[in-house]
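The next block holds one structure in the form of structure tokens; read it before the comments.
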Amino acid sequence: MDLIREKAGKIKLVLTDSDGVLTDNGVYYSANGEEMKRFSIRDGMGVERLRNHRIETGIVTGETSPSVAKRAEKLRITELHLGVKDKATKLQEIMLRKHLRAEEIAFIGDDTNDLEALQRVGLSACPADATIFAKQICDYICATNGGHGCFRELAELIIASKQTVNDKL
Numbered sequence: 078m079d080l081i082r083e084k085a086g087k088i089k090l091v092l093t094d095s096d097g098v099l100t101d102n103g104v105y106y107s108a109n110g111e112e113m114k115r116f117s118i119r120d121g122m123g124v125e126r127l128r129n130h131r132i133e134t135g136i137v138t139g140e141t142s143p144s145v146a147k148r149a150e151k152l153r154i155t156e157l158h159l160g161v162k163d164k165a166t167k168l169q170e171i172m173l174r175k176h177l178r179a180e181e182i183a184f185i186g187d188d189t190n191d192l193e194a195l196q197r198v199g200l201s202a203c204p205a206d207a208t209i210f211a212k213q214i215c216d217y218i219c220a221t222n223g224g225h226g227c228f229r230e231l232a233e234l235i236i237a238s239k240q241t242v243n244d245k246l
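Under the working numbering, the residues of the sequence shown are numbered 78 to 246, in order.
Right, dumping it as structure tokens:
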């Protein structure tokens, strides 16, 4: 756990997948066929708490869901990337544009399309109900499931780790 806290203490940007992390991986449909997703309010508070600690957040997802865009807007997440098929390449673009090193970025994902991005960041995490493939490579496996506060859990770990690092300075 000390190594995880050390890694978490360096984080300046937290990126997340959407489906299976911010949502419970389910899709709901209204009577007229409109797709809807359920998001955790706790995760939203995690975004706000990170922002209050000057840590940026972003969403990188393969989906092009209007629900995700609306949630990002509500949470004032400016780093929003929808319809991304190659998350590792998008991660590299973000790093170059923001002048960040891999060790300064955390990524939380849950499935095979997240694996390359998870392997290229300073701190990788996944929800408790992530695929075995994600669990095998992540630095941190959350105790909570996707859509039920796993992003908040990671946010609190990062915030606590930064405070520990600052206390040592």
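Even glycine gets a Cβ: it sits at the ideal position worked out from N, Cα and C.
Computed from a predicted structure; not experimentally measured.
With contacts defined as CB atoms closer than 7 Å, Leu159 and Thr141 qualify as a contacting pair. Unbroken beta strand (DSSP E) runs of no fewer than 3 residues, entirely contained in the region 152 to 196, are found at 156 to 158 and 182 to 185, following chain order. Looking at the DSSP output, Phe210 shares a beta bridge with no other residue.
When only Cα atoms are considered, Leu80 and Gly110 end up about 47 Å apart. Boundaries of the alpha helix (DSSP H) around Val124: Ile118 to Asn129.
DSSP, reduced to helix, strand and coil, places Ile81 within a helical segment of the structure shown.
For Val198, the closest C-alpha among the options Asn190, Glu181 and Pro204 is that of Glu181.
Distances from the CA of Arg131 to each of Glu112, Ile88 and Ser107 were compared; the closest alpha carbon is that of Ile88. Assignment of Ser201 by DSSP, reduced to helix, strand and coil, places it in the strand class. Look at the beta carbons and you see the region 145 to 154 not touching the region 169 to 178: under three pairs across the two are nearer than 8 Å. In this model, Asp191 and Ala108 are separated by some 32 Å (Cα to Cα). Residue Ile209 holds the alpha-carbon nearest to the alpha-carbon of Asp188 among Arg153, Leu152, Ile209 and Gln169. Within its own chain, the residues whose Cβ lies closer than 6 Å to the Cβ of Ala232, once the five positions on either side in sequence are excluded, are Gly123, Arg126 and Leu127, listed in chain order. Beta bridge pairing from DSSP links Thr93 with Ile136 and Ile185.
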